[in-house]
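Working notes for the structure below.
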Amino acid sequence: MKLWSGRFAAATDRRVDDFHSSIAFDSRLYRYDIRGSQAHARALARAGIITGEEAKAIIEGLEGLLMDIEAGKVEFSKEAEDIHMNIEALLTARIGTAGAKLHTARSRNDQVALDTRMYLRHELGVIESLLAGLQTACLELAGRAGMAVMPGYTHLQPAQPILFAHHLLAYVEMLQRDRERLADCFKRVNVCPLGSGALAGVPYPLDRQAVAKELGFAGITRNSLDAVSDRDYILEFMAAAAIMMMHISRLCEDVVLWATAEFGFVELDDAFSTGSSIMPQKKNPDVAELARGKSGRVFGHLLGLLSVMKGLPLAYNKDMQEDKEALFDTVDTCKAVLTIMAPMISTLQVNRERMEKACRRGFLTATDLADYLVRKGLPFRKAHELTGRVVRKCIEQNKTLEELTLPEWQELLPMVDEEVLRAVTLHGATAARKLPGGTAPETVAAAVAEARKTVLIRLVPDHD
Ligand code: ARG
0 MKLWSGRFAA
10 ATDRRVDDFH
20 SSIAFDSRLY
30 RYDIRGSQAH
40 ARALARAGII
50 TGEEAKAIIE
60 GLEGLLMDIE
70 AGKVEFSKEA
80 EDIHMNIEAL
90 LTARIGTAGA
100 KLHTARSRND
110 QVALDTRMYL
120 RHELGVIESL
130 LAGLQTACLE
140 LAGRAGMAVM
150 PGYTHLQPAQ
160 PILFAHHLLA
170 YVEMLQRDRE
180 RLADCFKRVN
190 VCPLGSGALA
200 GVPYPLDRQA
210 VAKELGFAGI
220 TRNSLDAVSD
230 RDYILEFMAA
240 AAIMMMHISR
250 LCEDVVLWAT
260 AEFGFVELDD
270 AFSTGSSIMP
280 QKKNPDVAEL
290 ARGKSGRVFG
300 HLLGLLSVMK
310 GLPLAYNKDM
320 QEDKEALFDT
330 VDTCKAVLTI
340 MAPMISTLQV
350 NRERMEKACR
360 RGFLTATDLA
370 DYLVRKGLPF
380 RKAHELTGRV
390 VRKCIEQNKT
400 LEELTLPEWQ
410 ELLPMVDEEV
420 LRAVTLHGAT
430 AARKLPGGTA
440 PETVAAAVAE
450 ARKTVLIRLV
460 PDHD
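If you're matching positions, the sequence shown starts at 0 in numbering that gives the first Met the number 0 and goes up one per residue.
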């Protein structure tokens, strides 16, 4: 029998149960539903709505149910619709009348908001720590790569030499912003909606602050209508997750590119690459590709839920049940991707010879020649033009800038002295960029040391 069957003369069509039941996916909220219900029972007793005995029976009954669920001894039912009514029905079957009093001063509308907030609060901490793990993997790789120099690109055309470690530090920055976004999102997740009831608040003197405190929330929601119709906290997480997955997708793209025969900057560890069923020679970056591909579904969930929410009148509408699978899949996907990315990155083999060889093509230090000419007193625009001509000459003669001898230089540019020979070396070019944020070896080493400390500072508190 349905918990709400009183008003109905006939039973629900089986096809309706099939269609609208959410227990198949929201059962994963059972722990939060139980913890929230226990706190609610205490609040009911404190307000004199139920007796201390009844509260005790509810709290203990729920504890027993929790243990049985975790031991795999409980079967949920589709007829009971969702996790909230399943728990309530199971409890009442066990303890009788006291169980039937639990839903006083509460609605599934504030309950589901509570459960998903508690769930997300926990998962934000898990995801943040996995992000720290990926940052650590990037820093490990940067440490192993040492002073290895690679071409930096714009438009995927060789641009200027950079340290490979500098490139990795760029990802550490992106992932740090992702962590900050999760921490910011946490502030709006960690607010307790209990007491909002179905939409208008409840006509009982519940101490909302005390319930919030007991459940570890920083505060309570301020408007009952908003509290039950708000899914911003889920959307914000999904938006942060989408940006995070975009970053990971770019990192994966770099790995895929670097691991090609043409680039050969890195080699994937055997344990983190895969073979081909037909081509015996292949070693494929499937992990990086699949992680890159997973970003698509995370973006999709964000847009899906925005679309669900955009036309909804206040307050709760059943459409909002669609938030759950999207939220859960976003969480699962982020965790799975971050978990595999960290060891895939930290086990990469760096081929510094290949990187350096790639730096010998493409006139990566042409800007440094222009900068050298600026030091000799030329306006930058003029220096740029003269450098362009030198590059053109070198292309005609099939030479690199580093191969030119001093007499050859002086024939092209009468004002240069032997300092030009160093200015156009890879080392000269990287070493010159020692201002904060630049790619000079000592700047990068200091940035790595700094990042090693920063990544250890947790921004999202752990919650069960
Ligand atoms: N299973 C529902 C959901 O996920 C719980 C809230 C149901 N509330 C209601 N009034 N039908 O959204």
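Beta carbons: idealized from backbone N, C-alpha and C, even for Gly.
- Counting of Cβ neighbours within 10 angstroms places Arg360 among the exposed residues, the total staying below 16.
- About 45 Å separates the beta carbons of Ala226 and Ala141, which is beyond the 8 Å limit, so they are not a contact pair.
- In the DSSP annotation of this structure, the continuous segment of the alpha helix (DSSP H) that includes Thr96 starts and ends at Thr96 to Ala99.
- With fewer than 16 neighbouring CB atoms inside 10 Å of its own CB, Ala445 falls in the exposed class.
- Straight through space, the alpha carbons of Ser21 and Gln320 are spaced by roughly 8 Å.
- Between the region 132-147 and the region 397-416, the count of C-beta pairs closer than 8 Å stays below three; the two stretches do not touch.
- CA-to-CA, the gap between Gly51 and Ala239 works out to about 43 Å.
- Within 8 Å of the C-beta of Ser21 there is at least one heavy atom belonging to the ligand ARG.
- Look at Arg107: its beta carbon is less than 8 Å from one of the heavy atoms in the ligand ARG.
- The beta-bridge partner set that DSSP reports for Thr273 consists of Asn283.
- DSSP places Gly436 outside both helix and strand once states are collapsed to three, so it counts as coil.
- In this structure, Trp257 is the residue among Ser276, Pro279 and Trp257 with its C-alpha nearest to the C-alpha of Glu288.
- A distance below 9 Å separates the beta carbons of Ala38 and Leu214.
- Under the three-state reduction of DSSP, Val454 is assigned to coil, being neither helix nor strand.
- By the Cβ test, the region 179-190 is not in contact with the region 285-299, since fewer than three Cβ pairs between them sit closer than 8 Å.
- By a beta-carbon distance limit of 8 Å, Ala104 does not contact Leu198. Their separation comes to about 14 Å.
- Not a single heavy atom of the ligand ARG lies less than 8 Å from the C-beta of Glu87.
- Around the beta carbon of Ser36, 16 or more other beta carbons sit within 10 angstroms, so the residue counts as buried.
- Closest option to Ser106, judged by alpha-carbon separation, among Pro192, Val423, Gln156 and Pro378: Pro192.
- Counting C-beta atoms within 10 angstroms of its own C-beta, His246 has 16 or more neighbours from the protein chains shown and is therefore classed as buried.
- Non-local beta-carbon contacts of Val373 in its own chain, meaning distances under 8 Å to residues more than five positions away in sequence, involve Phe379 and Ala382 in chain order.
- Looking at Cys251, Asn350 and Gln280, the one whose alpha-carbon comes closest to that of Ala341 is Cys251.
- Within the same chain, Cβ atoms closer than 7 Å to the Cβ of His462 are found at Arg120, His121, Gly124 and Gly215, the five residues on either side in sequence being excluded.
- Leu43 is not bridged by DSSP to any residue.
- Cβ contact annotation for Phe75 (same chain, cutoff 6 Å, sequence separation greater than five): Ile22, Ser26 and Asn85, in chain order.
- Distance from the CA of Val349 to the CA of Ser272, rounded to the nearest whole angstrom, comes to 15 Å.
- Placement of the Cβ of Glu80 at a distance of less than 8 Å from at least one heavy atom of the ligand ARG is found.
- Straight-line spacing of the CA atoms in Thr259 and Glu266 works out to 9 Å.
- Per DSSP, the unbroken alpha helix (DSSP H) holding Met237 starts and ends at Asp231 to Trp257.
- In the DSSP annotation of this structure, Pro378 is not part of any beta strand (DSSP E), being labelled neither H nor E.
- A direct Cα-to-Cα measurement between Leu224 and Gly47 gives close to 26 Å.
- Two segments are said to touch when three or more pairs of C-beta atoms, one from each, lie closer than 8 Å; by this definition the region 448-461 does not touch the region 424-440.
- For Thr346, the three-state secondary structure derived from DSSP is coil.
- In the three-state scheme derived from DSSP, where H, G and I count as helix and E and B as strand, Gly35 is classed as helix.
- The bridge partners DSSP lists for Gly151 are Gln159.
- Take His102, set aside five residues on each side of it, and the residues of its chain with a beta-carbon closer than 7 Å to its own are Glu87, in chain order.
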